[in-house]
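Quick note on our numbering: the first sequence kicks off at 628 and runs consecutively.
Taking it in order: structure first as structure tokens, then the write-up.
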Amino acid sequence: MILVIVGPTGVGKTKLSIFLAEKYNAEIISSDSVSIYKNVNIGSAKPSIEETKGIKHHFIDRCSLNEEYSVYNYQTEARKVLNELIDKKKNVVIVGGTGLYIKALLYDYRFTKKTKEDEDFSNFSNLEIKNKILSLDPNNQIHVNNRKRMIRFLNSYEEKDTNNNNINTPLYDFITIGLTTSRDKLYEIINTRVDNMIDKGLLEEASNLFNKGYKKLDYIIGYKELNKYFRKEITYKESIEEIKKNTRKYSKRQYTWFNNQMKDIKWFDTNFIDFNKTIKEIEDYLVSFNIK
RNA sequence: AGAGGUGUAGUGUAAUGGUAACAUUCGGGUCUCCAAAACCUUAGCUGGGAGUUCGAUCCUCUCCACCUCUG
């Protein structure tokens, strides 16, 4: 049995996944592009050792912050782990907020294999790059301003898999559960969660990592804003507000992804006062699939 | 209470006696490897009233709100 748990940040996915993994004697595969890195513990809201209740968690602390790790690596490794667990007839709970990682793992999503060095486009304007693309692919839809995507396209064009039209075809049998809540409630939770992270020592954690100079941190919410504070670009208070704001925006994008890129999600409202009620609803739902 | 100043989008700021702008927030969206990323996009404003004027956000008066100083 493969159970997939999705939803925006802060709704209680981790808690639910551990409960269900314990109940169904499953191992957990995390689909989170940040907690896959070591040392970003508080800011990525990783479960503590006590919280994991001894359940095997894959892809948490998988690599170090100076390693390059992409969705392609994740897809390769996570499928391997997943296949092994299936062979062992082990139940699996896949949980995470990174939609692309989940989709790449479970659907027929194909990435191109790198065979040559990346070309340098720094001397080209966005429009010039776009025109290059159009000469190869007249119907290309990548927006002119999306330089990163355009360059990525050109650097992978030759190896492109032309049969890659199956990104919505699932490769496994799985049940997808979404946890959600009202927008207002979610924003409230995000705001207090950031404050809690600070209480738990996020500032110190971020400061230690900042001093080691990991570039990756400038891409991670909670660290990139504090880095700006450490560089004296903004005040401490401003950095906290930015963390909250960026987390809210992130959660919004997660909704967009899960609503539009993944089908067949059964959504449940999180009951924050009595989480057991949420769990009960989900258990009842799973019974309808003969999962007990 | 008196004197002065300021009122433009949720916020921060432009501009003009003739179609009110930029950033940002909010909302919506895109997605084949930095995805907690990158990018796109809808909407929204001249404090209220009166006057001058063909036409006022701009000039005048008044009310209201806020700020500073004096008491």
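Beta carbons are placed, not taken as given, at the ideal position from N, Cα and C, and that holds for glycine.
task = Name the two residues that bound the continuous alpha helix (DSSP H) containing F928.
result = Given that the chain is displayed from residue 628 to residue 919, the structure contains no residue 928 and the question cannot be resolved.
message = For L836 and L643, what's the separation of their Cα atoms in angstroms?
response = If you number the first sequence from 1, residue 836 lands on position 209. If you number the first sequence from 1, residue 643 lands on position 16. Near 30 Å, if we compare the C-alpha coordinates of L643 and L836.
inquiry  = So, for R689: in the same chain, excluding its five sequence neighbours on each side, which residues have a beta-carbon less than 6 Å away from its beta-carbon?
reply    = In the first sequence, counting from the first residue as 1, residue 689 sits at position 62. For R689, where only same-chain residues beyond five positions count, the Cβ hits under 6 Å are I663.
L761 - DSSP class collapsed to helix/strand/coil = If you number the first sequence from 1, residue 761 lands on position 134. DSSP places L761 in helix when its eight states are reduced to three.
message = Which residue wins for smallest C-alpha separation from T803, given the options K715, K730, D659 and N652?
response = Start at 1 with the first residue of the first sequence, and residue 803 comes out as number 176. Nearest C-alpha to T803: K730.
ask   = Among residues of its own chain, excluding the 5 on either side of T874, which ones have a beta-carbon nearer than 6 Å to its beta-carbon?
value = Residue numbering aside, residue 874 sits at position 247 when the first sequence is read from its first letter. In its chain, beyond the 5 residues on either side, I817 and I848 have a beta carbon closer than 6 Å to the beta carbon of T874.
request  = Would you grab the beta carbon distance between S878 and G637 for me? Rounded to a whole angstrom, and I think it's under 8 Å.
outcome  = To locate residue 878, count along the first sequence from 1; it is residue 251. To locate residue 637, count along the first sequence from 1; it is residue 10. With a Cβ gap of about 7 Å, S878 and G637 count as contacting.
message = Can you tell me whether G681 is buried or exposed? The criterion is at least 16 other CB atoms within 10 Å of its CB, across all chains shown.
response = Taking the first residue of the first sequence as 1, we reach residue 681 at position 54. Result: exposed.
key: N-terminal and C-terminal residue of the alpha helix (DSSP H) that E694 is part of   = Residue 694 sits at position 67 when you count from the first residue of the first sequence. Per DSSP, E694 belongs to no alpha helix (DSSP H) and is neither H nor E.
message = Tell me the DSSP secondary structure of T803 in three-state form.
response = Locating residue 803 in the first sequence gives position 176, counting from the first residue. Strand, per DSSP.
query = Taking C-alpha atoms, which residue in N793, T679, M824 and L647 lies nearest to Y734?
reply = For the purposes of this step, residue 734 is identified with residue 107 of the first sequence, where counting begins at 1. It is N793.
query = Are the beta-carbon atoms belonging to Y799 and I629 less than 8 Å from one another?
reply = Within the first sequence, numbered from 1, the residue matching residue 799 stands at position 172. Within the first sequence, numbered from 1, the residue matching residue 629 stands at position 2. A contact, by the Cβ cut-off of 8 Å.
key: Beta-bridge pairing of L630 - partner residues as DSSP gives them   = By 1-based counting over the first sequence, the position of residue 630 is 3. According to DSSP, L630 bridges with V720 and I802.
ask   = What does S657 pair with, by DSSP beta-bridge criteria?
value = Along the first sequence, one-based indexing puts residue 657 at 30. Bridge partners of S657: V722.
Range of the contiguous alpha helix (DSSP H) that encloses F902 = To locate residue 902, count along the first sequence from 1; it is residue 275. Counting along the chain, the alpha helix (DSSP H) containing F902 begins and ends at F902 to V914.
request  = Measure the Cβ-Cβ separation of Y846 and V667 and say whether it is below 8 Å.
outcome  = Numbered from its first residue, the first sequence carries residue 846 at position 219. Numbered from its first residue, the first sequence carries residue 667 at position 40. With contacts defined as CB atoms closer than 8 Å, Y846 and V667 fail to qualify as a contacting pair.
key: Integer-rounded CB distance, given that I656 should sit under 8 Å from L709   = Within the first sequence, the letter at position 82 stands for residue 709. Within the first sequence, the letter at position 29 stands for residue 656. Indeed they touch by this definition, with Cβ atoms about 6 Å apart.
task = Would you tell me roughly how many angstroms separate the C-alpha atoms of F780 and R774, rounded to the nearest one?
result = Within the first sequence, numbered from 1, the residue matching residue 780 stands at position 153. Within the first sequence, numbered from 1, the residue matching residue 774 stands at position 147. Each residue's CA atom was taken as its position, placing F780 and R774 some 10 Å apart.
ask   = So what does DSSP say about F895, is it helix, strand or coil?
value = As a working mapping, residue 895 is identified with position 268 in the first sequence. F895: strand per DSSP, three-state reduction.
request  = On a CA-only basis, which of K715, G805, K842 and F902 is nearest T883? Give me that one, please.
outcome  = Numbered from 1 along the first sequence, position 256 holds the residue referred to as residue 883. Comparing Cα positions, the closest option is G805.
key: Bounding residues of the alpha helix (DSSP H) (the contiguous stretch that carries L643)   = Position 16 of the first sequence, counted from the first residue, corresponds to residue 643. Taken as a continuous stretch (DSSP letters only), the alpha helix (DSSP H) holding L643 covers K640 to K650.
message = I'd like the list of long-range same chain contacts for I941, defined as Cβ closer than 8 Å, with 5 residues on each side in sequence excluded.
response = In the structure as shown, the chain starts at 628 and stops at 919, and residue 941 therefore has no counterpart that could be examined.
message = In the DSSP assignment, the alpha helix (DSSP H) including I778 goes from what residue to what residue?
response = Reading the first sequence from its first residue, position 151 is the one you call residue 778. Taken as a continuous stretch (DSSP letters only), the alpha helix (DSSP H) holding I778 covers R774 to S783.
task = In the DSSP assignment, find the alpha helix (DSSP H) that holds K827 and state where it starts and stops.
result = Counted from its first residue, the first sequence places residue 827 at position 200. Element bounds for K827: R810 to K827.
request  = Below 8 Å CB to CB, which residues in the same chain sit around Y651 once its five sequence neighbours on both sides are set aside?
outcome  = Indexing the first sequence from 1 puts residue 651 at position 24. Excluding sequence neighbours, Y651 sits near M628, L630, N718, V720 and I918.
Counted within 10 angstroms of its Cβ, other Cβ atoms place E711 as buried (16 or more) or exposed = What you label residue 711 is simply residue 84 of the first sequence in a count that begins at 1. A residue is called buried when at least 16 other Cβ atoms come within 10 angstroms of its Cβ; E711 does not meet this threshold and is exposed.
request  = Return the first residue and the last residue of the alpha helix (DSSP H) that E852 is part of.
outcome  = Position 225 of the first sequence, counted from the start, is the residue given in the question as residue 852. Unbroken alpha helix (DSSP H) run through E852: K851 to F857.
The region 822-838 / the region 850-865 touching (three or more Cβ pairs under 8 Å) = Verdict: yes, contact present.
ask   = Measuring CB to CB, does V661 end up less than 8 Å from S671?
value = Position 34 of the first sequence, counting from 1, holds the residue named residue 661. Position 44 of the first sequence, counting from 1, holds the residue named residue 671. Between V661 and S671, the gap from beta carbon to beta carbon is short of 8 Å.
request  = Please name the residue in A833, E744, I632 and N795 whose C-alpha comes closest to that of S783.
outcome  = For the purposes of this step, residue 783 is taken as the residue at position 156 of the first sequence. When each option's Cα is compared against that of S783, the closest is E744.
query = Is DSSP giving Y734 helix, strand or coil here?
reply = The residue given as residue 734 occupies position 107 in the first sequence. In the three-state DSSP reduction, Y734 falls in the strand class (E or B).
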